[in-house]
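A short worksheet on the structure shown next.
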Amino acid sequence: MKKKLLFLFAFFFFFFLTGCGKQNANDVSKDFDKSIHKLKGYQIEGKLEIVNNDDVYNYDVVVSYKQKDFYKVSLKNVANNHEQIILKNQEGVYVLTPSLNKSFKFQSDWPYSNSQIYLLESLRDDIKNDDSREFKKNKNTYEFVTRVNYPNNRKLTSQRIVLDKNLKPKTVKVLNEEKIPQMTMVFTDIDYSPTFKKDFFELDIAMKSAKVEEEVVETSKIDETIYPLLTPAGTKLVSEERVEKTNGERVIMTFEGEKPFLLVEETANVSDELTVIPTYGDIYRLMDTLGVMTDNSLTWTSAGIEYYLVSDVMNSSELVEIAQSINVLPTMK
Numbered sequence: 016m017k018k019k020l021l022f023l024f025a026f027f028f029f030f031f032l033t034g035c036g037k038q039n040a041n042d043v044s045k046d047f048d049k050s051i052h053k054l055k056g057y058q059i060e061g062k063l064e065i066v067n068n069d070d071v072y073n074y075d076v077v078v079s080y081k082q083k084d085f086y087k088v089s090l091k092n093v094a095n096n097h098e099q100i101i102l103k104n105q106e107g108v109y110v111l112t113p114s115l116n117k118s119f120k121f122q123s124d125w126p127y128s129n130s131q132i133y134l135l136e137s138l139r140d141d142i143k144n145d146d147s148r149e150f151k152k153n154k155n156t157y158e159f160v161t162r163v164n165y166p167n168n169r170k171l172t173s174q175r176i177v178l179d180k181n182l183k184p185k186t187v188k189v190l191n192e193e194k195i196p197q198m199t200m201v202f203t204d205i206d207y208s209p210t211f212k213k214d215f216f217e218l219d220i221a222m223k224s225a226k227v228e229e230e231v232v233e234t235s236k237i238d239e240t241i242y243p244l245l246t247p248a249g250t251k252l253v254s255e256e257r258v259e260k261t262n263g264e265r266v267i268m269t270f271e272g273e274k275p276f277l278l279v280e281e282t283a284n285v286s287d288e289l290t291v292i293p294t295y296g297d298i299y300r301l302m303d304t305l306g307v308m309t310d311n312s313l314t315w316t317s318a319g320i321e322y323y324l325v326s327d328v329m330n331s332s333e334l335v336e337i338a339q340s341i342n343v344l345p346t347m348k
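Positions 16 to 348 (the numbering used here) are the ones given, in order, by the sequence shown.
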C-alpha cells in the first residue's frame with residue numbers, strides 16, 4: 016500500500032512538473048496567442064535602439080492599439096526630439112511628421128506586410144508561424160528565437176523575444192546574419208486595458224495632440240550639398256544642378272554608370288495647414304526617420320532636408336545602402 020501511494024505521489028509530482036508551468040514551446044506559444052487574441056486594446060511604452068554601421072539611434076516609443084485595425088505608433092528620436100507617428104484607422108495608413116505639419120497617406124497593408132518589433136500581434140505571429148523556432152525556459156522568463164520578415168533589409172535574419180512569466184514581452188532583439196543585434200526594443204510598460212477617446216485615432220486629432228518639441232529652423236538655402244559616401248562600382252556623379260523653389264532651394268544630382276541613379280535634396284518647409292500627401296509605397300525606417308519605399312525609389316526627411324532617391328536598375332536593398340551612407344549633416348543658413 017505504501018509503495019502504491021509513493022508511486023502515485025511520484026506520478027502526480029512528475030505530472031505537476033511537466034504538465035504545468037508551460038514547459039514547452041507549443042504551450043507558451045498557444046497561451047501567448049490566446050492572451051493577445053482576446054485583447055480589445057493595449058498601450059505600450061518602451062525604448063528602441065537602432066544600429067546603422069557605427070551610428071546608434073535611440074527612440075522613445077508609444078504604441079496604442081484598439082480592436083480592430085486601429086494603431087497609433089509614436090517614435091521620438093531622443094537626440095533631437097524629432098517625432099513621427101504611424102497611424103492606421105478606417106481611412107488608411109499615415110506617417111505624420113508633426114514638426115512639419117505634413118502627413119503621407121498610404122494604401123498599404125501595414126502592419127501585416129513584415130515583422131514589427133514593437134507590435135504584439137507581429138511578435139505572436141512570428142512565434143506561431145515559425146516551425147523551426149528555438150525555445151528556452153529560464154527561471155522567470157521564456158525566450159524564443161524566430162525568423163523575421165524584413166523584405167527591404169535581408170541582413171536582418173532572426174529575432175530573440177523574451178517574455179516574462181505572465182507572457183508580457185520584456186525585450187526583443189532583431190539580429191543580423193552574424194547574430195549581432197541591429198534593433199533592440201525594451202518594453203517598459205504594457206497596459207492591456209487602456210481607455211481611448213472616441214476620436215483618438217483620427218488624423219487631425221493625432222496631429223494636434225503631438226507635442227512638438229523639435230526645433231525646426233526653416234531655411235531658404237542648402238549651404239553644403241550632402242553626397243552619398245557609398246556609390247555602386249562603376250557609377251559616378253556626372254552633374255549637379257541647383258534650382259530655386261518657393262521658399263527654398265533644390266539640388267539635383269545625376270549619377271551615371273553601371274547602376275545609374277538620381278538624388279534630389281531640397282529644403283523642407285513647415286506647412287501652415289495640415290498637408291496630406293497621397294503616396295504609393297511602403298513605410299520604411301531609415302536611420303533617424305521614417306521614409307517611403309517603392310520598387311525603385313526612396314523618399315525621406317532628415318535634419319530639415321527632404322531627400323528623393325530613384326533608380327531604374329537598382330533594387331530596394333541597394334537604394335537603402337546608398338541612403339544610409341548619406342549621414343553627414345549639412346551646414347545651412
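Every residue, glycine too, gets a C-beta built ideally from N, C-alpha and C.
Predicted, not measured: the structure shown is a model, and the values here were computed from it.
- Judged by DSSP in its simplified three-state form, LEU178 adopts strand.
- VAL93 is positioned such that its CB atom lies closer than 8 Å to that of ASP75.
- With a threshold of 16 other beta carbon atoms within 10 Å, SER130 meets it and is buried.
- Judged by DSSP secondary structure, PHE47 falls within the alpha helix (DSSP H) whose first and last residues are 40 to 52.
- Residue pairing by DSSP places PRO196 opposite LEU190 in a beta bridge.
- DSSP places LYS223 in the uninterrupted alpha helix (DSSP H) bounded by 218 to 224.
- Taking C-beta separations shorter than 8 Å and ignoring five residues to either side along the sequence, ASP42 has no partners in its chain.
- Collapsing the DSSP output to three states places VAL291 in a strand.
- Taking all protein chains in view, the Cβ of ARG139 is crowded by 16 or more other Cβ atoms within 10 Å, so the residue is classified as buried.
- Assignment of ILE100 by DSSP, reduced to helix, strand and coil, places it in the strand class.
- Per DSSP, LEU63 is one residue of the beta strand (DSSP E) stretching across 56 to 67.
- A straight line joining the alpha-carbon of SER332 with that of THR304 spans about 17 Å.
- DSSP assignment within the stretch 88 to 170 yields the following whole alpha helix (DSSP H) runs of 4 residues or more, N-terminal first: 135 to 143.
- Ranked by Cα distance from SER317, the options VAL325, GLY306 and ASP310 are led by GLY306.
- By DSSP's assignment, TYR86 forms a beta bridge with TYR80 and LYS103.
- For the pair ASN164 and GLN174, the Cα-to-Cα distance works out to about 10 Å.
- No residue range can be given for SER326, since it is assigned to no beta strand (DSSP E) and is classified by DSSP as neither H nor E.
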